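Data first, discussion second: the structure below is written as structure tokens.
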Amino acid sequence: MNRKFQQDNLVGQSNSFLNVLDQVSQIAPLDKPVLIIGERGTGKELIAARLHFLSQRWDQQYLTLNCASLNENLLESELFGHEAGAFTGASKRHEGRFERAHGGTLFLDELANTPGLVQEKLLRVIEYGEFERVGGSRSIKTDVRLICATNEDLPALAELGEFRADLLDRLAFDVITLPPMRERREDILLLAEHFAINMARELGFELFSGFSEKAKRSLLDYHWPGNVRELKNVVERSVYRTNNAYVPVHEIQLDPFESPYRPTQRIKATRLTHSTTPEQPAAAAAPPASAPSQTADKFDFSQVQDFKTLSQDFEINLIKQALAASQYNQKKTAELLNLTYHQLRGYMKKYQLLESQQA
Ligand SMILES: Nc1ncnc2c1ncn2[C@@H]1O[C@H](COP(=O)(O)OP(=O)(O)O)[C@@H](O)[C@H]1O
Ligand SMILES: [Mg+2]
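Mapping of the sequence shown onto the numbering used here: residues 5 to 363, in sequence order.
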């Protein structure tokens, strides 16, 4: 068994994180599928491993597969195996993950974009516990506990017809949603210290002298879009750059690309203007009344009573106009706003526009 999975090093004391750990302990002993949802870097892989090691299957196989890293054919053959001669290059029979994980747990990461054919086979294996190897006709029985993870909004994808709703129902016996770093700020320094100590040890330091006040501020003030993974990288980089066991870490470089020599980004500039200027504003829709004008020097700042409300009104207005301009087709609306579909859904959820959009 892989030692990496056995060390339990989940750090965190925030309520939202402790609630997740409680949920994990509760559901781990059941033989049911579990779906783990969370932004990138929130710890989905660690949680999946914990589910396995707290289950009765802890001493059996724990196999993982990243579904986004393979094309349809390879994914099918990695999951379900193939017979000799099933396709060009298949000289020997190959046992897939479902066969090898028999009695244990299979963790399927980044499940959202799994092709339809594989989704169909997954449905069958969950429902009946059987499948066929690629190029084979014999049904093979397997007893595997399935854990899946994604950072996408699967119900939204199912609504769009891009993910099978019946498969989602079966995978989601229960769903564990991991809080992003910005919702568990109490854990930032705790995690930072944990990663710093490990890094100091790796560098052969006798001790770790902590963070300066300024360094702590930078860590606490940042919004961590890459979550725990980003925090880990930032902290490790800061420790190794300080490179002195007896001096507290003072400099926190959040962006390793920051440099006076960094090539300028034309793409970014066009995107930024694009995202605030829908190409076809709805003829019938009202102009964004309270929206600040694009040129800051003409804007009357005495209007700004409440910065947040004003910006939110602007966003709501822009989304409503784009919806109208695209006949309430959300895919088109997202394109107009240069957002991904999921980002748009996120905004619509935030501003409660989902129910009222047709009104
Ligand atoms: N609660 C935690 N305590 C300690 N390390 C964590 C925690 N959550 C995540 N990590 C670390 O952060 C990194 C990203 O975690 P991972 O499980 O790969 O995230 P995801 O799969 O959600 O992208 C890994 O190095 C992992 O060890
Ligand atoms: Mg991951």
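We put the beta carbon where it would ideally sit given N, CA and C, even for glycine. These numbers come from a predicted model, not from an experiment.
Quick check on the DSSP output: the alpha helix (DSSP H) that includes residue i runs from which residue to which?
| i | result |
| --- | --- |
| K312 | 311-329 |
| I192 | 192-206 |
| I31 | 19-31 |
| D225 | 217-225 |
| L211 | Looking at the DSSP string, L211 is not in any alpha helix (DSSP H), and its letter there is neither H nor E. |
| T337 | 334-341 |
| N231 | 231-246 |
| D173 | 169-175 |
| R61 | Unbroken run through R61: none, as it is neither H nor E. |
| P260 | Unbroken run through P260: none, as it is neither H nor E. |
| R189 | No alpha helix (DSSP H) holds R189; DSSP gives it neither H nor E. |
| A162 | 158-163 |
| E103 | 101-104 |
So residue i is in the beta strand (DSSP E); what residue range does that whole segment cover?
| i | result |
| --- | --- |
| L39 | 38-41 |
| T109 | 109-113 |
| L78 | That residue, L78, is in no beta strand (DSSP E); its alpha helix (DSSP H) goes 76-84. |
| L150 | 149-154 |
Going by DSSP, which residues form a beta bridge with residue i?
| i | result |
| --- | --- |
| F135 | I144 |
| V253 | F215 |
| T92 | Note: T92 sits in no beta bridge, so no partner. |
| L69 | L112 |
| V179 | L39 |
| H346 | None, per the DSSP bridge assignment. |
Is any heavy atom of ligand 1 found at a distance shorter than 7 angstroms from the C-beta of residue i?
| i | result |
| --- | --- |
| H346 | no |
| L195 | yes |
| L39 | no |
| H198 | yes |
| R189 | no |
| R54 | no |
| L164 | no |
| L22 | no |
| V308 | no |
| N75 | no |
| N19 | no |
| L14 | yes |
| V1 | Outside the modelled stretch of the chain, which goes from 5 to 363, sits residue 1, for which no answer is possible. |
| K236 | yes |
| V232 | yes |
| R186 | no |
| R241 | no |
| R44 | yes |
Can you determine whether any heavy atom of ligand 2 sits closer than 7 angstroms to the C-beta of residue i, and answer yes or no?
| i | result |
| --- | --- |
| K48 | yes |
| D113 | yes |
Would you say residue i and residue j are within 8 angstroms of each other, going by their C-beta atoms?
| i | j | result |
| --- | --- | --- |
| V253 | S242 | yes |
| G139 | H98 | no |
| E136 | A72 | no |
| L150 | L112 | yes |
| L110 | V148 | yes |
| R101 | L69 | yes |
| V232 | G107 | no |
| S330 | L340 | yes |
| K220 | L193 | yes |
| Y244 | M185 | no |
| A196 | L223 | yes |
| H198 | V24 | no |
| E134 | S143 | yes |
| V238 | L258 | yes |
| I40 | I51 | yes |
| I180 | Q17 | no |
| P33 | Q60 | yes |
| A116 | F167 | yes |
| M352 | L358 | yes |
| S20 | E234 | no |
| K36 | D173 | no |
| A338 | L327 | no |
| P119 | E76 | yes |
| L121 | E163 | no |
Would you say residue i lies against chain B (beta-carbon separation less than 8 angstroms)?
| i | result |
| --- | --- |
| N321 | Absent from the structure is chain B; it holds one protein chain and no more. |
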